[in-house]
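The structure appears below as structure tokens.
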Amino acid sequence: MANDERSTTNMKLNILYEDNHLLAVVKPPGILSQADDTLEPDMVTLLKADIKERYSKPGNVFVGLVHRLDRPVGGAMLFAKTSKAASRLSESVRSRSFDKRYLAIVHGSPAQAQGRLRHYLRKDAARNIVTVHHKPVEGAKEALLHYAVAAVQGQYSLVAVELLTGRPHQIRAQMAAIGCPLLYDRKYGAPPIEGQLDIALWSASIGVAHPVSKDWLTIQSAPPSASPWSRFSDEDYALALQILPSGSTE
């Protein structure tokens with residue numbers, strides 16, 4: 034099943050891929066990846082309700098969270114429908130054989146058209162922000178990513194990013210650290226723009242070996258045509274996903 038829109042609790046779920054083991058959907062910006070103490074809508078709860086409704090399942094429904102997206106980030110997310118799939122996908126994440134590629138619109142343009150960033154990120158839970166360090170410090174975790182500039186329009190650049198680690202706020206913090214904060218990301222230094230809440234970061238592609246068949250599975254999600262993504266063309270976005278080398282490693 035692919036690109037199937039369904040409504041759950043007044044929110045349409047765009048299903049990108051589904052089989053007996055996996056479920057890939059588009060996470061709308063502003064929705065939590067999993068429940069927290071705010072009790073606001075989250076993807077895991079929404080998907081459990083959707084599966085229960087579509088398949089008339091009695092009792093509890095299993096939906097395993099494989100990776101997370103920050104609340105203001107939208108795009109492709111992959112979930113497990115069985116505990117075995119969840120375990121195998123989690124191992125893919127740990128072994129860095131889980132390919133995660135993002136599109137971002139940033140202020141300015143990096144000094145180099147493409148490169149690899151290595152920082153050490155320390156989370157300040159009280160402020161819900163991470164601080165960026167160039168050398169190891171106590172409490173900080175190594176953060177690695179590869180980026181490439183796909184297009185430039187005036188004062189903004191479209192950047193493709195491959196995550197090699199999965200730290201909280203990683204892309205947001207690391208791009209800001211090189212002087213290119215994400216558009217609308219006030220938390221990491223972007224200039225304030227009235228009325229805009231969602232940052233310009235989109236989960237555009239996920240690649241992973243299927244937990245059962247072992248075939249390589251690629252799931253893609255194009256950003257919406259509305260602002261801020263309307264600043265660049267469909268051709269720019271297609272190029273952005275092609276310019277990063279496949280399977281980049283350290």
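Per my numbering: the sequence shown ends with 283, consecutive numbering throughout. Idealized CB from N, CA, C, for every residue including glycine. Everything numeric in this text was worked out from a predicted model, so none of it was measured.
**Study point:** Pair within 8 angstroms by beta-carbon distance, L196 and I138
**Key:** Counting from one through the sequence shown, the residue named residue 196 turns up at place 163. Counting from one through the sequence shown, the residue named residue 138 turns up at place 105. Remark: C-beta atoms of L196 and I138 do not approach each other more closely than 8 angstroms.
Point to revise | Sequence ranges, alpha helix (DSSP H) only - wholly within the stretch 200-264, length at least 4 | key: Counting whole runs of 4 or more residues, the stretch 200-264 contains the alpha helix (DSSP H) stretches 203-210.
**Study point:** Among Q188, Q275, K114, the one whose alpha carbon lies nearest that of Y88
**Key:** Counting from one through the sequence shown, the residue named residue 88 turns up at place 55. Minimum Cα distance to Y88 is reached at K114.
Practice item. May I ask you to report which of helix, strand or coil DSSP gives S281? Key: Within the sequence shown, residue 281 is the residue found at index 248, counting from 1. With a pLDDT of 42 at S281, under the threshold of 50, the modelled position of this residue cannot be trusted, and the question is left open.
Check your understanding: If you pair each beta-carbon of the stretch 100-120 with each one of the stretch 189-207, do three or more pairs fall below 8 angstroms?
Key -> yes
Exercise for review: Using alpha carbons as the reference points, say which of K85, A118, W262 lies closest to V192.
Suggested key: Position 159 of the sequence shown, counted from the start, is the residue given in the question as residue 192. Selected option, being the one with the closest Cα: W262.
Exercise for review: Evaluate contact between the stretch 205-212 and the stretch 242-249, counting only Cβ atoms and requiring at least three cross-stretch pairs below 8 angstroms.
Suggested key: no
Point to revise | Three-state secondary structure (DSSP) of S130 | key: For the purposes of this step, residue 130 is taken as residue 97 along the sequence shown, with counting starting at 1. Three-state result, S130: coil.
Practice item. Counting only the same chain and skipping the five closest in sequence on each side, list residues whose C-beta sits under 8 angstroms from that of Y153. Key: Your numbering for residue 153 matches position 120 in the sequence shown. Excluding residues up to 5 positions away in sequence, V165, H166, H167, K168, P169, V170, A173, K174, E175, A176 lie with their Cβ nearer than 8 angstroms to the Cβ of Y153 in the same chain.
Exercise for review: Check E171 in the structure and name its three-state DSSP category.
Suggested key: Counting from 1 along the sequence shown, the entry for residue 171 is found at position 138. Coil at E171, not helix or strand.
Point to revise | Sequence-distant residues of the same chain with beta carbon closer than 7 angstroms to L277, five excluded per side | key: The residue labelled residue 277 in the question sits at position 244 within the sequence shown. Excluding sequence neighbours, L277 sits near R134, H179, A181, A193, E195.
Review point. Which ranges would you report for the alpha helix (DSSP H) in the stretch 84-154 if only whole runs of at least 4 residues count?
Key: 116-127
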